[in-house]
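Protein chains in written order, with this note's numbering: chain A, 1 to 217; chain B, 1001 to 1217. The C-beta atom is built at its ideal place from N, Cα and C for all residues, glycine as well. I have placed the structure first, in the form of structure tokens, so that the comments after it can refer back to it.
2 protein chains.
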Amino acid sequence: MASPSTAVRVSPRRHRAAPVPATRFDKRLAEILTHATEVFCKKGYEGASMRDLSRASGMSLAGLYYYFESKERLLFLIQKHTFTTIVQRLKARLEGVNDPEQQIRIFILNHLEYFLANQSAMKVLSHEAEALKDDFASEVAAIKREYYRICVSLLDELKSNRGLQFSTRIAVLSLFGMMNWIYTWHNSRVDADAGQLAREMSDIFLCGVRMGGKGRR
Amino acid sequence: MASPSTAVRVSPRRHRAAPVPATRFDKRLAEILTHATEVFCKKGYEGASMRDLSRASGMSLAGLYYYFESKERLLFLIQKHTFTTIVQRLKARLEGVNDPEQQIRIFILNHLEYFLANQSAMKVLSHEAEALKDDFASEVAAIKREYYRICVSLLDELKSNRGLQFSTRIAVLSLFGMMNWIYTWHNSRVDADAGQLAREMSDIFLCGVRMGGKGRR
DNA sequence: CGCTAATTCGAACGTTCGTTCGAATCTAGT
DNA sequence: ACTAGATTCGAACGAACGTTCGAATTAGCG
């Protein structure tokens, strides 16, 4: 009977890059995810109740459980989709670019553009990074590690290309800090757009690592 | 009858920089705050229950309410004490230093030293910034604004002293991002100490803003 | 239409939440 | 030792939590 209550429910396998494979189920689930993202963003994962999600998505409390088996899996779906998308876009943008500095600028631009275009989802990704447990946690951690590694390899390349000296780990994590902290302060009525922000952050970061402490006073 | 159940209970006014004004009440409260900080750090403010706090501090659930009137006020006390202390230490350290660049290096060092020496408290301060409401929220926000303004004025001074051009707001917030993000990655068994981290972050940041986008490719 | 499967819902489950209250215990000054 | 105030506690409160279940409703197809 393909009981959906087990919630292993998965949309019919899509052959290749499906043009119109979005089933009714998938579309409704996507709507719920969108509404849930806003609620998690505003109240936090722990602070948001299933009744809040029910209200936001206009579906009954019990009805939600037809689409996912637990609140935790809902957060997982949001985080996985968001992270997967940003990595995928990055890879597409990096293709054909060979200069390490240009690659890093693209990395920063891609991150900030996606961040500002999907502020709620990215805040949920950044701020609720410790909320998932066990298998959910490790699956998201794997994507995060891949994303981190890409940035490390770009910076390592820059380092050897120009004979620079700095700690890649600290540089990468400082860069992520600069970028991810945005969710705590960005105000679209005051602050510049992603392109401008990416340029300013890239300038600070790249000039910083290029000098690598030379010219200290 | 000075009913303590109203929890407006405040330690006897201390004249000047009190040497031994710490009453029994104050000491016990401080212990509870320390334990609560660890619990909030590990499980998050919403995720931590009063029963968790009771277990961690070795005091009964009801007994806790003799020391503070609500869970929210407990978080407030932690945040206010932590923030007040870091601002106070900064002011002391900045005294007598006039060179803007040196001042910024001190700002960064002070922040990171305190951050690593009080990781749990600083994580609770950074990560639960939106958890408080109304008066609690605005009182902490006032301290945060003061801290932010100090950093802005240091950077503005550097800018005019050296005729630089960059957005102070973005520079300051990028710097806070670099520094505060630490709570998501710092591992004391792997990473350098505060002095070394402060040097590396200062180098990246200061060289970055000194160039101000000049030397872009 | 009539039938089946997909979707939605009201109502309730047992648990845990933050908080309260009155009684019990402890501490310090006499 | 006595007492008054400070401190602690067991037990309970109503509310809200995540989740379940069987019945009701809807959609798609012959």
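Under 8 Å between C-beta atoms of residue i and residue j
{"i": "F166(A)", "j": "V209(A)", "result": "yes"}
{"i": "A36(A)", "j": "S60(A)", "result": "no"}
{"i": "I1108(B)", "j": "M1201(B)", "result": "yes"}
{"i": "S70(A)", "j": "M1178(B)", "result": "no"}
{"i": "C151(A)", "j": "V172(A)", "result": "yes"}
{"i": "D1112(B)", "j": "L1197(B)", "result": "In the sequence on display, residue 1112(B) carries Leu and not Asp. Yes, the Cβ-Cβ distance between L1112(B) and L1197(B) is below 8 Å."}
{"i": "F205(A)", "j": "I1182(B)", "result": "no"}
{"i": "L155(A)", "j": "I104(A)", "result": "yes"}
{"i": "C41(A)", "j": "C1207(B)", "result": "no"}
{"i": "V281(A)", "j": "Y148(A)", "result": "Residue numbering for chain A in the displayed model covers 1 to 217; residue 281(A) lies beyond these limits and cannot be assessed."}
Best match in the options for proximity to residue i [C-alpha to C-alpha]
{"i": "K98(A)", "options": "K80(A), R28(A), E157(A)", "result": "The sequence shown places Asn at residue 98(A), not Lys. Per the Cα distances, E157(A)."}
{"i": "V39(A)", "options": "I182(A), M178(A), A171(A), L75(A)", "result": "L75(A)"}
{"i": "N118(A)", "options": "R149(A), F205(A), H186(A)", "result": "H186(A)"}
{"i": "I170(A)", "options": "F1115(B), V1190(B), T1084(B), F1025(B)", "result": "V1190(B)"}
{"i": "R28(A)", "options": "L64(A), E46(A), G47(A), R51(A)", "result": "L64(A)"}
{"i": "F1115(B)", "options": "L1090(B), D1135(B), L1094(B)", "result": "L1090(B)"}
{"i": "P1100(B)", "options": "E1130(B), V1140(B), S1153(B)", "result": "S1153(B)"}
{"i": "G1044(B)", "options": "M1122(B), R1105(B), Q1102(B), T1084(B)", "result": "M1122(B)"}
{"i": "N161(A)", "options": "Q102(A), D193(A), A194(A), T184(A)", "result": "Q102(A)"}
{"i": "A1131(B)", "options": "A22(A), A48(A), D26(A)", "result": "A48(A)"}
{"i": "L164(A)", "options": "D135(A), M211(A), S126(A)", "result": "M211(A)"}
{"i": "R1199(B)", "options": "N1110(B), S1126(B), T1085(B)", "result": "N1110(B)"}
{"i": "F68(A)", "options": "M50(A), G96(A), S120(A)", "result": "M50(A)"}
{"i": "A1192(B)", "options": "G195(A), T168(A), D193(A)", "result": "T168(A)"}
{"i": "T84(A)", "options": "F25(A), A142(A), T184(A), L53(A)", "result": "A142(A)"}
{"i": "K80(A)", "options": "D135(A), A194(A), S54(A)", "result": "D135(A)"}
Residue i to residue j span [Cα, whole Å]
{"i": "L33(A)", "j": "Y66(A)", "result": "13 Å"}
{"i": "T1082(B)", "j": "N180(A)", "result": "23 Å"}
{"i": "E1072(B)", "j": "K1133(B)", "result": "8 Å"}
{"i": "S11(A)", "j": "E1046(B)", "result": "In this prediction, S11(A) has a pLDDT of 45, which is less than 50 and means its spatial position is unreliable; nothing more can be read from the coordinates."}
{"i": "E1128(B)", "j": "A1137(B)", "result": "11 Å"}
{"i": "H31(A)", "j": "V140(A)", "result": "According to the sequence provided, residue 31(A) is Glu. The question's His does not apply to it. Between E31(A) and V140(A), the C-alpha separation is close to 21 Å."}
{"i": "A1022(B)", "j": "S126(A)", "result": "40 Å"}
{"i": "K159(A)", "j": "G1096(B)", "result": "38 Å"}
{"i": "S1005(B)", "j": "D26(A)", "result": "With a pLDDT of 37 at S1005(B), under the threshold of 50, the predicted position of this residue should be treated as unreliable, though the coordinate-derived value follows. Between S1005(B) and D26(A), the C-alpha separation is close to 53 Å."}
{"i": "R1145(B)", "j": "A1194(B)", "result": "24 Å"}
{"i": "R1024(B)", "j": "A1062(B)", "result": "19 Å"}
{"i": "A1092(B)", "j": "S1120(B)", "result": "23 Å"}
{"i": "T184(A)", "j": "T1184(B)", "result": "15 Å"}
{"i": "S1188(B)", "j": "S54(A)", "result": "42 Å"}
{"i": "D52(A)", "j": "D1052(B)", "result": "25 Å"}
Near the ligand NAP: residue i beta-carbon under 7 Å from a heavy atom
{"i": "R169(A)", "result": "Although the ligand NAP was asked about, the structure shown includes no ligands whatsoever."}
To be precise: take each residue of the region 172-183 of chain A, compare its Cβ to all Cβ atoms of chain B, and keep it if any distance is under 9 Å. Which residues remain? L173, S174, L175, F176, G177, M178, M179, N180, W181, I182
Can you pull out the residues from the region 1142-1161 of chain B whose beta carbon lies closer than 7 Å to at least one beta carbon of chain A? none
Residues of the region 200-213 of chain A with a CB closer than 9 Å to any CB of chain B: list them in chain order, please. E200, M201, S202, D203, I204, F205, L206, C207, G208, V209, R210, M211, G212, G213
Relative to chain B, which residues along the region 39-73 of chain A have a C-beta separation below 7 Å, given in chain order? G44, E46, G47
Beta carbons nearer than 7 Å to chain A: which residues of the region 1070-1103 of chain B have them? E1101
Listed in chain order, which residues of the region 108-127 of chain A have Cβ atoms closer than 8 Å to some Cβ of chain B? H127
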